[in-house]
Structures are given as C-alpha cells and as structure tokens.
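Those protein sequences? They're chains F and D, same order as listed. Start counting the first sequence at 777; every next residue gets the next number (our numbering). Start counting the second sequence at 885; every next residue gets the next number (our numbering). Cβ atoms here follow ideal geometry from the backbone N, Cα and C, with glycine treated the same way.
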Amino acid sequence: DAKTTQPTSMDCAEGRAANLPCNHSTISGNEYVYWYRQIHSQGPQYIIHGLKNNETNEMASLIITEDRKSSTLILPHATLRDTAVYYCIVRPTLDDKLIFGTGTRLQVFP
Amino acid sequence: EAGVAQSPRYKIIEKRQSVAFWCNPISGHATLYWYQQILGQGPKLLIQFQNNGVVDDSQLPKDRFSAERLKGVDSTLKIQPAKLEDSAVYLCASSSRSYNEQFFGPGTRLTVL
C-alpha cells in the first residue's frame, strides 16, 4: 500500500482557508486518495475522496496534482468546529481497508 | 438516520480481567469493522465482517481477542485476559458495501490498570 506523509500539526485562523497537504509519491494508478477527520473524543468522519480529478463537496475540496504524487485538502472557511486530526489515506480500488497514519492536527483559532 | 452505536463509552478494568464491547451498526449496513486506536496513533483495523462472516482478521491478536457478529447485525468484541497494552479506544464502523464510505461510532475507551 502506498504511504502518505502529512505535517504533524497546522494552525489556521477562523474564517480563513485551511490547506492541508499530503504527499503520496508511491501512489499507483488504481489507488484513490481519501480524507477522514477525527474530532476529539469522536470516531473518524469521512470528508472526501478522489482518483485524479479535483473534487468538491459541501465539506471541502480536494486538489490532486497531475502526477498524483501529492494532494491538498481545502476547507474554504475554517471554523472552530473544524479543529481535528485530518487523515490522508491512499486506498486501492479493490481493497476496502483504511490504513490510517498519524494525520495532521489542525487547530483553528479565533 | 441513526449512526453507529457503541457501548459502553468507557471501561476501566485490571489486567488479566475480561471485557466485552458492543456495536450496533447503521441499519442495512452489511460490512462491520472493529478498530483499535492507541493514544497518539491512527486507528488500526482489527477485524472486518461481511454480514456474519469474517473477511479479514489478520491483525486481531487471536490469543486474547475474539469477535462475533452472529446474526449479521450487532457485533461484540471481547478481550480475555486484558493486558496493559490493550488500553486504547475501540472503534466500530460500518458501511453499506465494503468499498463505500465507513461510518464510525464514538468508540469505547478502555483503560487497563
């Protein structure tokens, strides 16, 4: 399975865009990029996923580079409730396992 | 739509004791997962069920951990006997199909003294 590298922690001011990077340089053609987040004392929550095109939903946008070796999760207007650990996961299309790393701890401040 | 339910939310036991956790997945979800999350780490898959059959239990320490999903709905995870290193949050998740989004419960925080 391809591995991911994320910064340990990041800060973001409330109302500003939070841009969370993820490196997955060994990703293969049949592997999706998934993002989950985990708010304190809760279980992980699905955010978004993509294969090679950029994706957007009501929670976030996912930008995947053309070579697919890295991606960025964008929270367009961060709120205090977005404070959480964000996990970037590479997942093969024919494999339903989620292999979590240690993620990025995002702190949104007032 | 009700989410994944887990109980208890917290449990404190002494080493060598037994403990069981219960999970009720989202109605209609055929796939159920149990994860272990040690403090400061991401969740690690212990076992995956498809209906009442085990799909993957390669990471389950079978000498002390067991899990079942008898009627393809609720599931229990048991530890017998517990060790100090089993202190963790045990998360249950479910999905409608194995490749789909997984929905997680709030977890059970286990402390082994």
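Notebook entry, point to check: Could you give the residue range of the beta strand (DSSP E) that holds D:Asp-940?
Noted result: Taking the second sequence and counting its residues from 1, one reaches residue 940 of chain D at position 56. DSSP places D:Asp-940 in the uninterrupted beta strand (DSSP E) bounded by 937–940.
Check: Can you list the residues of chain F that D:Glu-985 reaches, using a CB-CB cut of under 7 Å?
Finding: Counting from 1 along the second sequence, the entry for residue 985 of chain D is found at position 101. Within 7 Å Cβ-Cβ: Tyr-822.
Notebook entry, point to check: What does a CB cutoff of less than 7 Å around D:Glu-952 pick up in its chain, not counting 5 residues either side in sequence?
Noted result: Within the second sequence, the letter at position 68 stands for residue 952 of chain D. So the qualifying residues of the chain are Ser-959 and Thr-960.
Next item on the list: Reducing DSSP to helix, strand and coil, say where F:Glu-831 ends up.
Entry: In the first sequence, the residue the question calls residue 831 of chain F occupies position 55. If DSSP states are grouped into helix, strand and coil, F:Glu-831 belongs with the strands.
Check: Which residues bound the beta strand (DSSP E) around F:Phe-885?
Finding: One-based indexing of the first sequence puts residue 885 of chain F at position 109. Segment 880–885, the beta strand (DSSP E) holding F:Phe-885.
Notebook entry, point to check: How big is the Cα-Cα spacing for D:Leu-1009 and D:Gly-887?
Noted result: Not covered by the structure: residue 1009 of chain D. The range shown for chain D is 885 to 997.
Notebook entry, point to check: Would you say D:Gly-912 reaches chain F, if we count a Cβ-Cβ gap shorter than 8 Å as a contact?
Noted result: As a first step, residue 912 of chain D must be located in the second sequence, where it is residue number 28. False, the Cβ-Cβ gap to chain F never drops below 8 Å.
Check: Hey, how far is the Cα of F:Tyr-862 from the Cα of F:Ala-789?
Finding: As a working mapping, residue 862 of chain F is identified with position 86 in the first sequence. As a working mapping, residue 789 of chain F is identified with position 13 in the first sequence. So the two alpha carbons sit approximately 17 Å from each other.
Notebook entry, point to check: By the criterion of Cβ-Cβ separation under 9 Å, what are the contact partners of D:Phe-949 in chain F?
Noted result: Here residue 949 of chain D refers to the residue found at position 65 when the second sequence is read from its first residue. Correct list: empty, because the minimum Cβ distance to chain F is about 18 Å.
Next item on the list: State the DSSP-derived secondary structure class of D:Asp-970, mapped to helix, strand or coil.
Entry: As a first step, residue 970 of chain D must be located in the second sequence, where it is residue number 86. D:Asp-970: helix per DSSP, three-state reduction.
Next item on the list: Using a Cβ cut-off of 9 Å, pull out every chain A residue sitting near F:Leu-882, in sequence order please.
Entry: No chain A appears in the structure shown, which is made up of the protein chains F and D.
Margin query: To the nearest angstrom, how far is the alpha carbon of F:Val-884 from that of F:Thr-855?
Written below: Reading the first sequence from its first residue, position 108 is the one you call residue 884 of chain F. Reading the first sequence from its first residue, position 79 is the one you call residue 855 of chain F. In this structure, the CA atom of F:Val-884 is about 7 Å from the CA atom of F:Thr-855.
Next item on the list: Could you tell me which chain D residues have their CB closer than 7 Å to the CB of F:Tyr-862, listed as they occur along the chain?
Entry: For the purposes of this step, residue 862 of chain F is taken as residue 86 along the first sequence, with counting starting at 1. Per Cβ cutoff of 7 Å: no residues; F:Tyr-862 is ~11 Å from chain D at best.
Next item on the list: Evaluate D:Pro-909 with the Cβ neighbour count: other Cβ atoms within 10 Å of its Cβ, from every protein chain shown; 16 or more gives buried, anything less gives exposed.
Entry: For the purposes of this step, residue 909 of chain D is taken as the residue at position 25 of the second sequence. Buried, by the Cβ-count rule.
Notebook entry, point to check: Who are the Cβ neighbours of F:His-853 in its own chain at under 8 Å, not counting the five residues just before and after it?
Noted result: The sequence position of residue 853 of chain F within the first sequence is 77, counting from 1. Excluding positions up to five away in sequence, the list reads Gly-791, Arg-792 and Ala-793.
Margin query: Please list, in chain order, the residues of the stretch 921–932 of chain D that have any C-beta partner in chain F closer than 9 Å.
Written below: Listed by position along the chain: Gln-921, Gly-924, Gln-925, Gly-926, Pro-927, Lys-928, Leu-929 and Gln-932.
Check: Should F:Ile-840 be listed as close to the ligand FAD, given that the test is whether its C-beta is under 7 Å from any heavy atom?
Finding: Questions concerning the ligand FAD fall outside what the structure shown contains, since it holds no ligand whatsoever.
Next item on the list: Measure the beta-carbon distance from D:Pro-965 to D:Arg-948 and round it to whole angstroms, keeping in mind my assumption that it falls under 8 Å.
Entry: Here residue 965 of chain D refers to the residue found at position 81 when the second sequence is read from its first residue. Here residue 948 of chain D refers to the residue found at position 64 when the second sequence is read from its first residue. That belief holds up - the Cβ atoms of D:Pro-965 and D:Arg-948 are roughly 6 Å apart, short of 8 Å.
Margin query: Applying the 10 Å Cβ sphere with the 16-neighbour rule, what's the burial state of D:Pro-892?
Written below: Numbered from its first residue, the second sequence carries residue 892 of chain D at position 8. A residue is called buried once 16 or more other Cβ atoms fall within 10 Å of its Cβ, and D:Pro-892, having fewer, is exposed.
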